[in-house]
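Chemist:
Residue numbers (the numbering used here): 3 to 92.
Encoded structure:
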(Lines of atoms letter the chains of each structure in order from A and count residues from 1; the text may use other names and numbers.)
(Lines give C-alpha, C1' and ligand atoms only; values in the text may rest on other atoms or scores of the structure.)
Protein backbone atom coordinates (compact mmCIF):
# COMPACT_ATOMS: atom_id res chain seq x y z
CA UNK A 1 0.00 0.00 0.00
CA UNK A 2 1.43 3.34 -1.03
CA UNK A 3 0.59 6.79 0.25
CA UNK A 4 -1.37 8.94 -2.15
CA UNK A 5 -0.44 12.49 -3.05
CA UNK A 6 -3.47 13.71 -1.11
CA UNK A 7 -2.32 11.91 2.04
CA UNK A 8 1.17 13.39 1.76
CA UNK A 9 -0.30 16.84 1.16
CA UNK A 10 -2.54 16.48 4.23
CA UNK A 11 0.43 15.49 6.41
CA UNK A 12 2.42 18.44 5.07
CA UNK A 13 -0.45 20.81 5.80
CA UNK A 14 -0.60 19.57 9.41
CA UNK A 15 3.11 20.26 9.85
CA UNK A 16 2.75 23.67 8.20
CA UNK A 17 -0.11 24.54 10.58
CA UNK A 18 2.15 23.77 13.53
CA UNK A 19 4.91 25.93 12.10
CA UNK A 20 2.53 28.84 11.49
CA UNK A 21 1.02 28.53 14.97
CA UNK A 22 4.50 28.47 16.46
CA UNK A 23 5.27 31.74 14.68
CA UNK A 24 1.93 33.36 15.58
CA UNK A 25 2.13 32.62 19.31
CA UNK A 26 5.88 33.24 19.34
CA UNK A 27 7.01 29.91 20.70
CA UNK A 28 10.33 30.24 18.93
CA UNK A 29 10.06 26.68 17.65
CA UNK A 30 9.45 27.31 13.94
CA UNK A 31 13.06 26.59 12.96
CA UNK A 32 13.04 23.38 15.02
CA UNK A 33 9.78 22.29 13.37
CA UNK A 34 11.17 22.95 9.90
CA UNK A 35 14.44 21.11 10.56
CA UNK A 36 12.66 18.19 12.23
CA UNK A 37 10.19 17.84 9.37
CA UNK A 38 12.98 17.92 6.78
CA UNK A 39 15.01 15.36 8.73
CA UNK A 40 11.93 13.16 9.13
CA UNK A 41 11.17 13.33 5.40
CA UNK A 42 14.72 12.39 4.39
CA UNK A 43 14.89 9.56 6.93
CA UNK A 44 11.54 8.09 5.88
CA UNK A 45 12.45 8.29 2.19
CA UNK A 46 15.76 6.52 2.79
CA UNK A 47 14.16 3.81 4.92
CA UNK A 48 11.42 3.39 2.32
CA UNK A 49 13.94 2.94 -0.49
CA UNK A 50 15.99 0.52 1.64
CA UNK A 51 12.97 -1.59 2.56
CA UNK A 52 11.73 -1.60 -1.02
CA UNK A 53 15.12 -2.87 -2.15
CA UNK A 54 15.35 -5.49 0.63
CA UNK A 55 11.85 -6.86 -0.03
CA UNK A 56 12.56 -6.94 -3.77
CA UNK A 57 15.46 -9.30 -3.06
CA UNK A 58 12.91 -11.77 -1.70
CA UNK A 59 15.58 -13.24 0.59
CA UNK A 60 14.40 -14.11 4.12
CA UNK A 61 17.93 -13.76 5.53
CA UNK A 62 18.24 -10.15 4.33
CA UNK A 63 14.71 -9.33 5.49
CA UNK A 64 15.35 -10.78 8.96
CA UNK A 65 18.74 -9.06 9.13
CA UNK A 66 17.27 -5.65 8.36
CA UNK A 67 14.38 -6.25 10.78
CA UNK A 68 16.85 -7.22 13.52
CA UNK A 69 19.00 -4.17 12.80
CA UNK A 70 16.01 -1.80 12.88
CA UNK A 71 14.71 -3.37 16.11
CA UNK A 72 18.13 -3.05 17.74
CA UNK A 73 18.48 0.62 16.80
CA UNK A 74 14.91 1.34 17.98
CA UNK A 75 15.59 -0.39 21.31
CA UNK A 76 18.83 1.50 21.89
CA UNK A 77 17.11 4.79 21.06
CA UNK A 78 14.13 4.06 23.33
CA UNK A 79 16.31 3.02 26.28
CA UNK A 80 18.55 6.05 25.82
CA UNK A 81 15.59 8.43 25.86
CA UNK A 82 14.03 6.69 28.86
CA UNK A 83 17.26 6.96 30.82
CA UNK A 84 17.51 10.69 30.04
CA UNK A 85 13.89 11.24 31.12
CA UNK A 86 14.41 9.35 34.37
CA UNK A 87 17.54 11.34 35.19
CA UNK A 88 15.64 14.55 34.62
CA UNK A 89 13.05 13.64 37.28
CA UNK A 90 15.50 12.55 39.98
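Built from N, CA and C at the ideal position, the CB exists for glycine as well.
Do you know how far the Cα of residue 33 is from the Cα of residue 74?
Modeler: By 1-based counting over the chain shown, the position of residue 74 is 72. By 1-based counting over the chain shown, the position of residue 33 is 31. Using only the alpha carbons, I get a separation of about 30 angstroms.
Chemist: Should the region 45-55 be called in touch with the region 18-31, which here means at least 3 C-beta pairs below 8 angstroms?
Modeler: As far as the Cβ criterion goes, the region 45-55 does not touch the region 18-31, which means the pair count is below three.
Chemist: Leaving out the 5 sequence neighbours to the left and right, which residues in its chain are closer than 8 angstroms to residue 56 when beta-carbon positions are compared?
Modeler: Taking the first residue of the chain shown as position 1, residue 56 is located at position 54. For residue 56, where only same-chain residues beyond five positions count, the Cβ hits under 8 angstroms are 64, 65 and 68.
Chemist: Return the first residue and the last residue of the alpha helix (DSSP H) that residue 21 is part of.
Modeler: Position 19 of the chain shown, counted from the first residue, corresponds to residue 21. Taken as a continuous stretch (DSSP letters only), the alpha helix (DSSP H) holding residue 21 covers 7-26.
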